[in-house]
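Here the structure comes first, spelled out in structure tokens, and everything after it is commentary.
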Amino acid sequence: MDASPDKIAPKKSRALGKPIWPKVPADFVRAMLAGHSALGLAFAALIYLVCFSGSVAVFTQEFSRWEQPQGPVLQEVSPQAVDVAVQGALAKIPQAHDLLVRLPTPDHPRLSIHGDDAAGGEHTYVADHAGRLVGEARTPWTQFQAELHTVLHLPRAWGGFVVGLTGVALLSSLISGVLSHPRVLKDAFAFRWGGSKRLQEADLHNRISVWGLPFHLVVSLTGAFLGLTTIIVGVLALATFKGDASKAYALFQGPTVKDDPRPAAKVIDVRSGLDAVAARSPDARATYIYVEHPGERGQHAIINLATDGRLSRGETVVVDGAGQILGEVGYESGSLGFRVLSAMTPLHFGWFGGWPVKVAYFLLGLGLTAVISSGVAIWLARRRDKGRPAPGLERLWVAFVWSQPLAYAFSALVVFLSATPVPIGAWAMATLAACASSAVGTPSGISTALRRTTAGLLALVALAHTALYAPAMADALGWLIDAALLVAALGLALTTVSPRSTSDHASCPMDHAQAPRFDDR
Amino acid sequence: MSALWALALAPLPLAGAVLLKRAWDNPGPQRPWLILGGWSLLILALAASVPLMGPLRGPCAILAVGSTAILAFVAAGVERRNARKKAARELAPEPSDRRRVAWRGWLRGFLAGPLAGVAALGCGLAVAICAPGQIQTRMVIGGLIVPFLWAGGMAWTLSDDKILRAFAVLASVATLTLGAAFLKGAL
């Protein structure tokens, strides 16, 4: 956060009386600002990318439904139907090493079975209420956006580390930002737009930072923890298990079943397992099942049970091939460590309070991207104020900021229009093209062009999706997301035709580098 | 239904923000009461969410939904200014002007990145291995403090002009904590 200039209403500030906040030495604030600025600039692009992708990833379940809106839409399903679906999937993938069965939940009302065939190909089948496999699900864009946020499409260990490090940098920026903002309470409602470029950006930066602080702390800390898990567990294993990380992970996996590859007399009975856990935990509902080593004597199932009203990813129960309960991990009944661990993922993604919390996470996430964007804009404006403008950087930053909505929309459009879509390629190409647009024009011109292009692409995505699926849109969420995309496209387009876009003001909260030439220098 | 409680309770933090804004706008004899009322409503919203949505889930949901509502309220009160009007003299604190010396920059980067990270990992490991309590709890708490301490170390080393002091502290912490963890070496 930037210390907010206090030059508009000095009389009012004095009238407020003596601050209750302890006086922070100016040198300390200046030193903190220097560190805050250096860190923010070093990680700005990465933090922006991770925050933008994270805002979108809040709706991962919904995008998955949107990509396969033909259903079947199931509110609940019987254990017998799940068993039929598992047997059906095993008939199609007889060599499956394991299967992931996702049961219908309010967020994702589908019954699906995911497995790898002998050639390594991945298949996800969807089943109807009776467990009959009725088709194969394809959700390439949903997977693309989720992996962009969690691992940046890098190898998993490296990607997780980079994202975790980005979370640490964000957390560090929050700490230095709070410490460098001694007027945090006094300026809590000051939000001024227009006039001094730096004051405008500082107000935007500080207001979102302060009122969104609980959210910012939660997502950065949980994100850093989730991303750095591999390295933390690796070092822990080095110190305690002679480098065997699997022993560290085993502490969180509950009862283990000895691997026995000999053929079993009967393929695993998922129905009995589900009946057994339902009898044991009548208030909980099964959300997913890992069927491990089906058809072998060591076959077993790991069933996840979610209970309404808990901030937890659910309890995990292990059942053997005959459906007998072997035990549970203890995510909800165990020690504090288990319960904290099970809260991490839902807390990070906003998957714990229904759609109100998801919408709030999405908006607060976009607010965080505006904070990052304005942080760089403040630095650029300060340079300009001091007679050291960086016009190339101003253009590049505004191009990068708007490249992401554009690249996301373009990749989604490619997915719908191509028979063999590669969304990551489309995203990378669009990002590079948008950034290359900074070579010519002014920041405001680049911003306007990219916003208009994004608006057009968003509308095209909605229209393409409607055209492809309208006759078979069984899931109403498909219509809802198409409508939301059209509204977003319209809103974005309106920001470019507003009279203010041609006046002296930056017309869009995320568009910070477009108006330095209008500074009141 | 329980998810909608977050929406139902959202007016409470919003009303709290309205009271705080009134105190902020109009200093007067009522100001302490407005501040007290504002903060009380924010706390009441958090407390009310516990029986309605769960002990951890409720406050987390209210913090998210309430923050969004308050931000919308703050945005609604935006003050538009004449962009062409000359602004008053800049009074904002400026970041300290450091000498630009290459080796100091690299050393600062090394301190904020790898060394602060190793020191934080050492502290996390020391908690996981040496602290009392159940193994899983020690591991999770130790793991959680790693990013927090790393971030704190990063903020400190990037801000502190005396980088040799930061180097000495971080190196000592890393040596002590990692030494203790590897010496004990068993969960």
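If you read the protein sequences in the order shown, they are chains A and E. Just so we're aligned: the first sequence equals residues 205 to 725 in our numbering. Just so we're aligned: the second sequence equals residues 292 to 478 in our numbering. All residues carry an ideal CB built from backbone N, CA and C; glycine is no exception.
**Request:** May I ask you to list, following chain order, the residues of the stretch 497–526 of chain A that have a beta carbon less than 9 Å from some beta carbon of chain E?
**Result:** So the list reads Asp512, Gly513, Arg514, Leu515, Ser516, given in the order they occur along the chain.
**Message:** Is there a Cβ of chain A sitting closer than 7 Å to that of E:Thr428, yes or no?
**Reply:** Cβ-Cβ to chain A under 7 Å: yes for E:Thr428.
**Request:** Check whether the Cβ atoms of A:Leu617 and A:Val561 sit closer than 7 Å, and answer yes or no.
**Result:** no
**Request:** Return no unless some Cβ of chain E is closer than 7 Å to the Cβ of A:Trp631.
**Result:** no
**Asked** In terms of residue numbering, what span does the beta strand (DSSP E) encompassing A:Glu598 cover?
**Response** From DSSP, A:Glu598 is part of no beta strand (DSSP E) but of the alpha helix (DSSP H) over 595–621.
**Asked** Between A:Glu266 and A:Tyr492, what straight-line distance do the alpha-carbon atoms span, to the nearest angstrom?
**Response** 17 Å
**Prompt:** Given A:Val260, which residues of its chain have a CB within under 7 Å of its CB, disregarding the five upstream and five downstream residues?
**Reply:** Once the five neighbours on either side are set aside, the close Cβ partners of A:Val260 are Gln349, Tyr612.
**Item:** A:Val726: contacting residues in chain E (beta-carbon distance under 8 Å)
**Value:** Outside the displayed range of chain A (205 to 725) lies residue 726 of chain A, so it cannot be described from this structure.
**Message:** Using only the alpha-carbon positions, how far apart do A:Thr549 and A:Asp463 sit?
**Reply:** 29 Å
**Three-state secondary structure (DSSP) of A:Leu283** = According to the sequence provided, residue 283 of chain A is Pro. The question's Leu does not apply to it. In this structure, A:Pro283 counts as helix in the three-state DSSP scheme.
**Message:** Please list, in chain order, the residues of the stretch 447–473 of chain E that have any C-beta partner in chain A closer than 9 Å.
**Reply:** The residues in question are Trp447, Thr448, Leu449, Ser450, Asp451, Asp452, Leu469, Ala472, Phe473.
**Spatial neighbours of A:Asp679 in its chain, beta-carbon cut-off 7 Å, leaving aside the 5 residues before and after** = Arg269, Pro273, Gly275, Val277
**Message:** So, with DSSP's three-state summary, where would you put A:Ala710?
**Reply:** Residue placement at A:Ala710 is flagged as unreliable, the pLDDT there being 43, under the threshold of 50; a coordinate-derived value is accordingly withheld.
**Asked** How long is the line joining the alpha carbons of A:Arg234 and A:Gly244, rounded to whole angstroms?
**Response** 15 Å
**Asked** Taking 7 Å as the CB-CB cut-off, is E:Ser387 touching chain A?
**Response** yes
**Asked** Who are the near neighbours of A:Thr346 in its chain, counting only those whose CB is closer than 7 Å to its CB and skipping five residues on each side?
**Response** Thr264, Phe267, Ser268, Glu271
**Request:** With a 10 Å radius around its C-beta and 16 neighbouring C-beta atoms as the bar for buried, classify A:His301 as buried or exposed.
**Result:** exposed
**Prompt:** Which first and last residues belong to the beta strand (DSSP E) in which A:Arg234 is found?
**Reply:** Here A:Arg234 belongs to no beta strand (DSSP E); instead the alpha helix (DSSP H) covers 230–261.
**Request:** Output yes if chain A places a C-beta closer than 7 Å to the C-beta of E:Ser358; else output no.
**Result:** yes
**Item:** Same chain, Cβ closer than 8 Å to A:Gly571, five either side skipped, listed in chain order
**Value:** Ile412, Gly416
**Message:** Cutting at 7 Å between CB atoms, please list the residues of its own chain near A:Leu551, excluding the five before and the five after it.
**Reply:** Closer than 7 Å at Cβ, skipping near neighbours: Val422, Thr426, Leu515.
**Message:** Please report the straight-line C-alpha distance between A:Leu352 and A:Leu567, rounded to a whole angstrom.
**Reply:** 19 Å
**Item:** Exposure of E:Ile334, with buried meaning 16 or more beta-carbon neighbours within 10 Å
**Value:** exposed
**Prompt:** How big is the Cα-Cα spacing for E:Arg380 and E:Lys475?
**Reply:** Confidence at E:Arg380 is low in this model, with a pLDDT of 46, below 50, so the placement of that residue is unreliable and no value is reported for it.
**Request:** Put E:Pro302 into one of helix, strand or coil per three-state DSSP.
**Result:** helix
**Request:** For A:Thr460, count neighbouring Cβ atoms within 10 angstroms of its own Cβ and tell me buried if that reaches 16, exposed if not.
**Result:** exposed
**Request:** With DSSP as the reference, label A:Ala510 as helix, strand or coil.
**Result:** Shown here, A:Ala510 sits in a strand according to DSSP, grouped into three states.
**Item:** Per-residue burial, A:Arg655 [other beta carbons within 10 Å of its own, 16 or more giving buried]
**Value:** buried
**7 Å CB neighbourhood of A:Ile650 in its chain, flanking five on each side removed** = Arg599, Val602, Ala603, Ser641, Ser642
**Item:** Alpha carbon of A:Phe232 to alpha carbon of A:Leu440, nearest angstrom
**Value:** 36 Å
**Asked** How many angstroms separate the CA atom of A:Arg501 from the CA atom of A:Val474?
**Response** Their backbone Cα atoms lie some 15 Å apart in a straight line.
**Request:** Determine whether the Cβ of A:Ser577 lies closer than 7 Å to any Cβ atom of chain E.
**Result:** no
**Message:** Within 10 Å of its beta-carbon, does A:Trp732 have 16 or more other beta-carbons around it, so buried, or fewer, so exposed?
**Reply:** Only positions 205 to 725 of chain A appear in the structure, and residue 732 of chain A is not among them; the question remains open.
**Message:** Between E:Ser340 and E:Trp296, how many whole angstroms is the CB-CB distance? I'm expecting something under 8 Å.
**Reply:** Between E:Trp296 and E:Ser340 the Cβ distance is about 7 Å, and since that is below 8 Å, they are a contact.
**Asked** What are the boundary residues of the alpha helix (DSSP H) that A:Val474 is part of?
**Response** 474–484
**Item:** Among A:Asp391, A:Gly335, A:His504, nearest to A:Gln284 - alpha-carbon criterion
**Value:** Out of A:Asp391, A:Gly335, A:His504, A:Gly335 has the C-alpha closest to the C-alpha of A:Gln284.
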